[in-house]
Each structure stands twice: as C-alpha cells, then as structure tokens.
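Remarks on the structure that follows.
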Amino acid sequence: MKNQLREINKQDITNNEVAIALCQFANQHLIPVALSKGICHLYGLSREKLLAFLSHDPYMGISMREISDVQQDFYAFMQSEEVIYENQFRIKLPAEKDYCLMQVQGEKVLCEGQEMILFWMTTLSLKRLKELDQQRRFDIPVKSTSYCLLNVDSRYNSVTGLPNMPYFYELADAGIKALFRADKTPVLLAFNLIGFSHFNVSYSYSEGNKLLKAFANLLIKYFGIENCGHFNEDEFYAFTEDTDLDKRLDSFIQECQSINGGKSLNVRIGVYDSVNLPYDDIASSCSLVKSACNYERSAKSHVTYFSKDNQHDLELENYVLKNFDRALKEGWIEPFYQPIVRILNGQTGNWEALARWRVPDKGILMNEQFVPILDRAGILYKMDLYMVDRVIADLKTMQAQGSEDIAISVNLFSSEFEQYNMADEIVSRFEASGLDKELLVIEISNDIRNLNSEKVKDQIEIFYRHGFSVWVDSFGEGYSSISIMKDDLPISCVKFDASFINDDNFDRSKKVLKKMIELAEELGIDTVVGGVENAKQLLTLREIGCSAAQGYYFGQPLPFAKAFSTWVKGPNANVEQLAESNYYNSIGMMSLEKPQFIEPIQDHFLTFEQPDMIFDRYFKGTPLGFLEYRDGKLHYLRGNEGYTQYLLSCGSVTQEDLEAHPFATEIKNVGKQLYLELGRWIKEEYWENHKTEWHYGVHSYPNGLYVESYQRLMSYNPYTNAYAIVDVLTSYNANQVYQQKHDLGKTAAFNLNTDQYRDLPIPFVTVSPIYDHKRVVDMQYVYVNQAYSEIIGFGREELLGNLISLFHQNDELAFWMKELLAAKNGQSHSGIMQRNDGHWYEYVIAPASVPDAYSFAMINIDDQKQKEQEIQQKQNTTSEILRISEILNVEGNDFKQSIQKGLAKLGEDLQADRVSLMETSGNSAKNAYSWHKVGLADVKDKQQHLSFDSGFGIEEFAVEDSYLLTDPGQIKEAFPEIVASSPADYHLKNVLLAPFYERGTVRGFIMVENFNLDLSLDFTNLIELVSDFFGSKITGRRLEKQRDTDVLTGLNDRHPYFAKLKHYQKSKNSKEIGIIYMDLNGLKEANDKFGHEAGDNLLIKASKFITQYFSRKMVYRVGGDEFVVLDDRNPRDVFEKDYQAFLKAMTEPDAPSISVGSVWCEDSHQLEGCVEEADRSMQRSKEAYYQTHKRYR
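Residue numbers 1 to 1193, in UniProt numbering, belong to the letters of the sequence shown in order.
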C-alpha cells in the first residue's frame, strides 16, 4: 500500500498556519513527529509543551464518554486498508474552560520513507468564533483554523463552507493578479458532478450534501480553501497556476472516485488558461470556463479546455436567452412535423412536432441547438406550452380541411415537470380546444434526471386519466429505462433512437434492441425506432418485431403547410384511417418470440380462449409470422427471423421482394387448397360463430417442401376488407433447406426423473390432493427435496406419504389448497407469500408428470423484500420532505401561514397528536408555533416559559442531531415541564425532536408527539431535514426584517421602498397613491456643530414625529435626511386630512423643521414620475426655507 501513499515534507508542516499534526503509529501508540503553528495556537501551548503533552497522552482532553470510542475507531483505521480517516468528538482544550466540538481528518502518508498519519484539526470553539468574527469585522486577513467555522460567515456556502460566488470573485480577482505579478500563469477551473440531481433523488438530499462536502474537501486539498468557490448545487470553481496542471487534474479525477466512502460521481472539468485569459471581468471569465465545462456531455469524467467552439456555444446561449420571449411573441419558433410510419402497412397515423427556430436573415436553429439551453435555464416549459398551442391550431386546420386521422406528439423533458405543472396546464388547454384526446400524444424524454421521480409519475397519471397517450422517448439510454416498465406506469409506447441501428457493432445492438422490444411487447407497450434511413434497416426492424419507425427514409421534418400537402393531400399521401388502428394494433403488438393474445389488443368481435394452451406449450420460440389475406392473396406483414428464413428458403418471397415492398410482401407459390381452406374458416369464424380456434394443415411447395403449421384468425380490417392471420411453423421434411438449426424452431420431448431435484438449493415438493366427496380437504406429500425438508424442519422420510396438515398450521394449509385449485385447470400458477416463520418466498405451482399431482418450487426472497421495504421507506421519506418543503416555500403565503401549514402537514402525515416549534434562548424555550389533532386541548399558552435546567438540556443537541424517545418514563424524566403543561388525561407515548441552528447556535427545535411508529419512514432523516427547513424559514424571516429596517429610526429603508416602486410598475391593475417627499432641515449644521450624536437624535425625533400622523408601514427613510410617505391605503380625502394635520403640527414650537412636497398620484404605473414631482416640490420648499434660516431647530 506504501506505493499508493502521498509523500510529504516534514518541513512544510512546522510553519503552517493550519492546525496540522504529523504522527507515527508504533507499538499501538500514537507518537507526534511534527506540529504546525496552527495546532499550537489551537491548543494554546508552545510547540515543546504540546509535543510533550501529546507524546504522553495523544487523547488528552477528550470527553470521558467518548474517549473509548475514539481509540477503537482509530485502531480499526490503522488495521484497515483505508487511507482517509474522519472523526469528531468533544474535547476540552488547555486554553479553554468549556468543551468544544473537534473535527479530525487524517490521511496515511509517506514521510522520509516511513508510513505516518497526517491530521487536520478543526473546532467549533466559541472563543475562536469570536476571534474570527472580530478579525473579519476589521478586514484582517485570517488563516482559518476550522473549515466548519466558515459556515457562520455569509461569504461562504452554508453546505460546504467554500467561498460563495461574490466572495470567490473577490478572491479570484486578487489571486490571479498576484499570480501574474509573480510571473506565473494562472488557470481558472470549473467543476460539475455528473448526474448529481439523479443522485439526490436516489439517495436523498442529505446524502447529496455529504457528497458535496466530500468534494469540497477534495478541492481544498488540491487548490486551497481560498482558491475555491461553491456557487450553487454542484457548481464549483477554483483558480491555480498551470504547473503540472494535467497531471494534477488526472490525480484529482482518480481520487474523486473514492471520496464519500466510494459513493461518488464522475466529474466534468472546464479549463480557461492564460492564452484566453483577459481577467478584466472575473464574472465573464467564470461564464466562459463554465461553457467549457458543459461543452462535452459525456457521462465519464473528463477535462475540456476553453476554445472557440465553447465561445460559439456561449454566444448562442446568450442569443437564445436574450431573444426567447421575442421568438415566442413573433412566431420565430414553429413546429416542423415528421411522420411516424407503421411498419405493417407503411402508413402514418402519427406525426412528431419538432421545434425549429427561424433566426431572421440567418437561417434555422435545430431543436438540439436551443432546447438544452432553455432546459438548463429552467424555461423550457414556456416553449413547450407554446408548441402545444401551435399543434392545437394545426390540428384544427386539418379538421377544417376534412382530415381527422393524424395524431401529433409533442416533446416534454422530465425536468419540465419540476419547472411547471405541465400536465394540468396541457390538459386544460387541450380540453378547451374541443379536440379528441386521441389526437395529442405526450412524448417524454427518458433523460438521466430521473424519469422515475414521484413528480413525473404523478404527471403521467394525470395525462392518462384524461385520456392522453404517453410515450417515452430515447428509451434505453437513461438510468431508469427498465424501472419505467417495472413501475407499471401507464406508458403506451417507447421510442428508441437511431443509435441502435446506426451502431458500428450492429449485430450486438440488434440483439439488445430485439430483447427490449420483446419486453415491451409482453407488457402491451408499443415500440418506435427513429433514425431509419434505408430499406435494410426497416426490414431488420420488422424482423425483430418493432411496430413503427421514423426517419429520413420516410421524410424530413416539414412546416405544417408543406407537411399537410405532402403527406395528407398530395399524390403520395398514405394516411392510416382511425378505423384501421385496432386491426393493425392486434397484429403489431403481439410478440414474435413469446406470443399471447392479451386483452387490450384483441379483436373484440372474436372470442379468444384464455389462456391459450397451444401458444403456451408449443409455439414459444418457433418460426412465427403474421399474414394478411386480402383480395384472394396472402401478404407477409411481420415475423421473427426464423419465419423470414423459412419464407426465403421455400421460395415464397425473395430478398428483392422484401426490400421493394417492406411493409406488405406478397407470398407466392401458395397452393390453391390453402386459399380454399382460408376462405372457408374465415367466413365461418368471423361472420358466423365469432369464435376463433387453431387450424392444423400440411402445405406443399413446388420445391418439394412439406410444412406442418397452425393458423389462426386474429382480426379484420373493415376499411380494406383484409383479415390478419398468425401462422406458426411446427415441422418440415426438407432439412437440407435449413443449413443452420437456429433458423428453425424445434420441439423436444423428455421424461423427468424427480429425484434429480434432491440437491436443488431451492425448496421443491410434489403433492397429491386428498378428496372427500370430490372436495379437496388435504394434500399428501408425493416428493420433497432436501431444501424443502430443511425449511419445514422435518426429514424427507418423515414427510413422504404423510398429510400436509400434520406439518402446517391451518392458515398455511388453506393457502396451499387454494393455490392448488388454481392450478387444477392445467395452468401453472405463481405468486409471492410470507410463511408463518416470517420468511418471504416466490413460488410456482404447476401440474406434475404424475397424474393428479402438482409440483411446488419456492425461492427465498427475503433480501429482495427487505430492499423493497428500504427503498419504499426512502421514497416515502423523500416525498414527505419535499411536500413540507413545497408548503414552506409557497409564494404568496405569509410567514405564519406557511409555518402553520408545514406543522399541520407534518403532524397529519405522521398521524401525530401534536407538533410544536419551540424557540430557545439559553437553556429555556417557548412554544412559538404549534399544531394539534382535532379534539385535543391547545397547550401553546402554557408552554411560553419552559425551563430545561433539569432533564433534557439544550446542550445535548451538540451530541445528537435528533432524538426519538419511546419510553413514557424516560420522556417524563427528560421533559418534565412539557409533561406538566399537558392535560391530565394526555399521555406522552413517544416524542421525536431535532434542533435548528443559526450561526452554529441552537435557536429552537421541532417536537412531534405520539406519532405512528409503524409508518414506512426514516424518522431520523425526516425530522432532521424538516427541522432545518423550518429553521431556515425562521432565520430568513429574521434576516429579511433586519435587511429592510433602518437601524437608527426603525423605519422601512430603501429596500422595501424600491420594491414598492417596482411592484406598482409591474402590476396589471392601477391604484391611486398619496405621496409626501420630506427633507429634514438643518441636519448637516447639527452634525457639524454638535457632532453626529446630535444629528442622530434629530433624525430619531423627526421619524417619531412623522409616524404620529402616518402609519409606520407607509414611511420610508430613503436617504440621510430624506423620508418618503407612500399612502396606498387611504382615499384622497383621508390622505389630504392627515397631510394638513401634519403641516399644522410642524408649526408648533417643538416640532422638527422639515421641507415637504406632496403629490396625489392617480395612476400607480406612473408612481416613479409622481415621486420625482413630489421631490421637486420639496426642493422648492427647501430653497424657501434656507432663504430665511441659517440654522436648525
């Protein structure tokens, strides 16, 4: 392992300002070798004293409750192959009176040829916090001794502790200029974690934050904390010099794979070097390096250097975002349509609407050029709603011209459902159009942002409930393709892109595509493949069972007028009528490998036997084809590879025929007798009996080939008077025709020796029913294997020949008898059950080779069920967290309403009795907000002065992030005052609580009482995150008030003033507003003559005087001595009355001297101009004042 360790120089440690210690581990003892200046300062000791102390006891000062765990964790680390060590504990440092929280990170390194451990120490000491805050207040440069402390500064990201965007701009600007001055070449870097959104959804936002923190620590390790920045989510930046840059980035990418315990992601890195590095505007430079980072969309880790291509992309992005609204308004963006063709008949019943952007005087942008830009900007939903409106208009135009058979699909990204409530909006718009729901298809991109999210699933369900078909585009590419099918979403079609048929390794891609199409067919899901460019590709798709195709082989995307004239009204028009759809669906959606007559695609004019024993037992995997009997001729529509080879071999079709007529190829060399038989039983079954069955026949061909096959009627097309037939080949007598066995289906008979199952690792048993007057009352063991006898707990000899009732409880016996009866009709039966011992099994029961006997096979699925339960718990918890987060962030709700709704949602979903938000001060708390179940007493007023001096102490939140107590005695001991404030008949059975913080200090906690412990939720994760949400809401409210309030006068400051002006400027409705502009006379003279304290007192006096006549909410201090009143609450007569009273009061001897100007604004859209008019009026009053006054009063 030594070869993998990083080498360090001991001399680099001793002068380092960061708290670092280099130690050696020998004879089970930790020995300090070198100590930095930073760690000596942290401990408050000289290097000699600290070296002596740590040599004697390296764990000195650690809390006695934790020291044993710390020692065990470290010993385990040293005995493992791990390189990185992390831990945190409480410790009392020599220079401190109280305990603080210490966070330790370590790394195994090489120093002077010896393996050692390099430690970084960080603390949350109150003393250091105050020192750091004092130093920053006076802009003293600080080398931080604790990355955790950075969270208390608004210049740092709250999750990772790295500088945020504004502060990074400052650091990078200064740092890069310093590198230039030192004749070094600076480099700007951008980092992005690939698939981070999907990581959050899959593992939870808490796990996502852990990954961000680990990634931030890696950046710090390579570039230094003040050379890095974290802007938002997974967007990071750094600057450095270019020495060995490629080597360092390769090492960074490699190490990134092992961070966060291996639960990491690939990373894309953008590089902006000195060749392109004009650093006049660091923000623009960051935009450029970001464009390089996002240029290559590979899923593997990679580095991209800024180039002219990146510059072009950035210019395009700027153009698109700048002109997007105008493009929608002026119709620059329009739908182009491309036909989707059914492979069975070559006809189109669907078009896809593809967005095109006409750039005036320049040309057309393709959708792949501008759609990703709109998606990243979070405004793609606007374009797609616009596209829906354009599609609706074009559908109405088609209807007006007599065409009602074309359905149009519109594309949506799964990310749009996070941007807007797309389903409800599209449903509303389409229902208002009065068009048939079948004419609009919703096509959702299966991208890596998790098509399986609950939000997207809900939206798909809405579309389905309102009668719209939902397709999934780019199927097979994203992480979630197979899961879409597993989750039983109402998907009617999946689309595969051109990569499957244009791959260099086409044979392999064909096999993959074939299996995925088979899976879709078995589930009743239609399939489309895009990118078809020639007949060979089309024939391949027909052979593997694809339903429809799209591509330039059928036509390029065209604007509506051209598309309509070409494909609907032109001489080559070939539109599938709606009346034909069911006919072709019944043929096209049946699997070529595992065919079955599934109910949704049957011709309902015919009766189909369910289940079809012939299909199930004999035909799976055999050559199978679908034929059409029309106008006295047979045509080949589709079939598997074996059937196609059979037709070619017997001379019924040629390869040239297939390529010339790929949709319906006429079958030649068919005997007259076959046509006679077909005509007879088609007429009899479809038009007379309405019941279809299999027909056996032996057919001869001119080349001497005799074929045995089964045919069956499937459906009828009333539009073309054609009949669909399935034909299954069962035997033949000309083996020389088939050179390769895999071209054929073949049958094989075998006898089963049951004792070969004796050592099978899964339980296997054969039973025979015991009858009483033809009623099954018990079962007898005919055969059991060893695995079955082990789970029952009896030997094979004890079981064989005995009744099952002797070894099973009544409920299990009844269950197996019920399953046996389900299999008595000759059909196998399967399911999942949980035995009385708690274990889960998947089972299959089927008729055995022994007459009137049945075999059971069982597979233990405990691990699968446990994972399912864990996944369900994680999904439930994530959904609950998101629901509460959405409630707390609903725009328009006032603060108190949001808090109350959030608490109510938490309480109702946890089925709790009471939920409280407690605000703390020192070691006491008050119930600030609460919710309780209907019928319970409100105890909020009784919980305004709760002491935590006894029982549970606020400081205990430093030990654990949350607490779950289920022992009533323990609850009473921990929270005596809460119990005492509750009604006598109210009993606390369980409590769940977690704190929230502000600047590292506990500011309160959420407490849930008597909730349902049986819910499938991760309660700890839930309460910790939800508490953070509530805490952020409260902290944000407090900061908002501080921001908007003038510190000296307590009035509104300029922030709410300008917000009010902006509000009325954008408001749709106009309003009348009274305006008074004021300037305090004599403020400068007071400051000059008596000092600023006298000036401040004058301002305070003026503000109190003004608010005697006007509501504090209407008064704003907008400058040093300037005030503005915006009265948008009272009518003009009330305003004038208040204004006159104010003017009269100013004539009193003790009143402050104020110059004023007043205007009544009749249209709030002109508010800014009216304010300027009031200002000019005030200036005239000011000039008049100074003509007679030279001092203040």
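Glycine included, each C-beta is placed from N, C-alpha and C at the ideal position.
All of these numbers come straight from a predicted model, not from anything done at the bench.
Member of the options whose CA lies at the smallest distance from the CA of residue i
{"i": "residue 1217", "options": "Leu385, Gln401, Phe413 and Ser403", "result": "Because the chain in this structure spans residues 1 to 1193, residue 1217 falls outside the shown range and cannot be described."}
{"i": "Lys911", "options": "Lys933, Asp811, Gly902 and Ile884", "result": "Note that residue 911 is Gln in the sequence shown here, rather than Lys. Among Lys933, Asp811, Gly902 and Ile884, the Cα nearest to that of Gln911 is on Lys933."}
{"i": "residue 1213", "options": "Glu543, Gly1120 and Asp1128", "result": "Because the chain is modelled from 1 through 1193, residue 1213 falls outside the range shown and cannot be assessed."}
{"i": "Tyr986", "options": "Phe1005, Arg914 and Glu919", "result": "Arg914"}
{"i": "Val104", "options": "Leu110, Glu368 and Tyr85", "result": "Tyr85"}
{"i": "Ile39", "options": "Asn1087, Arg326 and Ile13", "result": "Ile13"}
{"i": "Ser1155", "options": "Tyr319, Met78, His466 and Asn1081", "result": "Asn1081"}
{"i": "Ile282", "options": "Met779, Val267 and Pro186", "result": "Pro186"}
{"i": "Gly801", "options": "Lys818, Ile770 and Ala787", "result": "Ile770"}
{"i": "Lys776", "options": "Leu51, Val767 and Asp862", "result": "One detail in the question is off: residue 776 reads as Val in this sequence, not Lys. Comparing Cα-Cα distances from Val776 to each of Leu51, Val767 and Asp862, the minimum goes to Val767."}
{"i": "Glu977", "options": "Arg835, Phe468, Tyr997 and Val939", "result": "Val939"}
{"i": "Val359", "options": "Ala327, Asp1014 and Tyr169", "result": "Ala327"}
Residue i classed as buried or exposed, judged by whether at least 16 other C-beta atoms fall within 10 angstroms
{"i": "Phe1090", "result": "exposed"}
{"i": "Tyr719", "result": "exposed"}
{"i": "Ser285", "result": "buried"}
{"i": "His198", "result": "buried"}
{"i": "Ile832", "result": "exposed"}
{"i": "Lys1137", "result": "exposed"}
{"i": "Leu188", "result": "buried"}
{"i": "Ile364", "result": "exposed"}
{"i": "Asp852", "result": "exposed"}
{"i": "Asn157", "result": "buried"}
{"i": "Pro1152", "result": "buried"}
{"i": "Phe1058", "result": "exposed"}
{"i": "Ile1100", "result": "exposed"}
{"i": "Phe750", "result": "Interpretation of Phe750 is limited by its pLDDT of 23, a score under 50 that renders its predicted location unreliable; the figure taken from the coordinates is listed afterwards. Exposed, because fewer than 16 other Cβ atoms sit within 10 Å of the Cβ of Phe750."}
{"i": "Thr1188", "result": "exposed"}
{"i": "Ser291", "result": "buried"}
Beta-carbon proximity check, residue i vs residue j, cutoff 8 angstroms
{"i": "Arg356", "j": "Glu330", "result": "no"}
{"i": "Lys184", "j": "Glu241", "result": "yes"}
{"i": "Ala19", "j": "Met121", "result": "yes"}
{"i": "Gly545", "j": "Ile501", "result": "no"}
{"i": "Lys972", "j": "Leu946", "result": "no"}
{"i": "Ser492", "j": "Asp473", "result": "no"}
{"i": "Thr920", "j": "Arg1003", "result": "yes"}
{"i": "Val494", "j": "Phe475", "result": "yes"}
{"i": "Lys901", "j": "Arg883", "result": "no"}
{"i": "Leu380", "j": "Val388", "result": "no"}
{"i": "Lys874", "j": "Ser264", "result": "no"}
{"i": "Lys213", "j": "Val159", "result": "yes"}
{"i": "Met918", "j": "Phe1019", "result": "no"}
{"i": "Arg1054", "j": "Val1115", "result": "no"}
{"i": "Asp1079", "j": "Lys1182", "result": "yes"}
- prompt: When the Cβ atoms of the region 87-107 are set against those of the region 59-67, are three or more pairs found closer than 8 angstroms?
  reply: yes
message: Ignoring anything shorter than 4 residues, give me the alpha helix (DSSP H) runs that lie fully in the region 12-92, in order along the chain.
response: 37-43, 47-56 and 67-79
query: Along the chain, which unbroken stretches of the beta strand (DSSP E) at least 3 residues long are found entirely within the region 149-195?
result: 186-193
message: Tell me whether the region 1131-1150 and the region 1042-1054 touch, counting them as touching only if at least three CB pairs, one residue from each stretch, are closer than 8 angstroms.
response: no
Residue ranges of each alpha helix (DSSP H) within the region 355-412, 4 or longer: 367-376 and 380-400
message: List, from N- to C-terminal side, the alpha helix (DSSP H) runs of 4 residues or more that fit wholly inside the region 549-590.
response: 560-567 and 581-588
- request: Evaluate contact between the region 228-238 and the region 162-170, counting only Cβ atoms and requiring at least three cross-stretch pairs below 8 angstroms.
  value: yes
field: At least three beta-carbon pairs within less than 8 angstroms, the region 857-874 to the region 432-444
entry: Verdict: no, contact absent.
field: Contained alpha helix (DSSP H) runs [length at least 4] in the region 843-930, N- to C-terminal order
entry: Fully contained in the region 843-930 are the following alpha helix (DSSP H) runs of length 4 or more, in chain order: 862-888 and 895-909.
task: Enumerate, from N- to C-terminal direction, the unbroken alpha helix (DSSP H) stretches of 4 or more residues contained entirely within the region 510-555.
output: 535-544
message: If contact is defined by three or more beta carbon pairs under 8 angstroms, each pair taking one atom from either stretch, is the region 291-309 in contact with the region 508-527?
response: no
message: Please give me, in chain order, every unbroken run of the alpha helix (DSSP H) with length at least 4 that falls completely inside the region 275-332.
response: Runs of the alpha helix (DSSP H) inside the region 275-332: 282-293 and 308-329.
field: Those runs of the beta strand (DSSP E) which lie wholly inside the region 614-659 and span at least 3 residues
entry: Taking only runs of at least 3 residues, the beta strand (DSSP E) segments lying wholly in the region 614-659 are 624-630 and 633-639.
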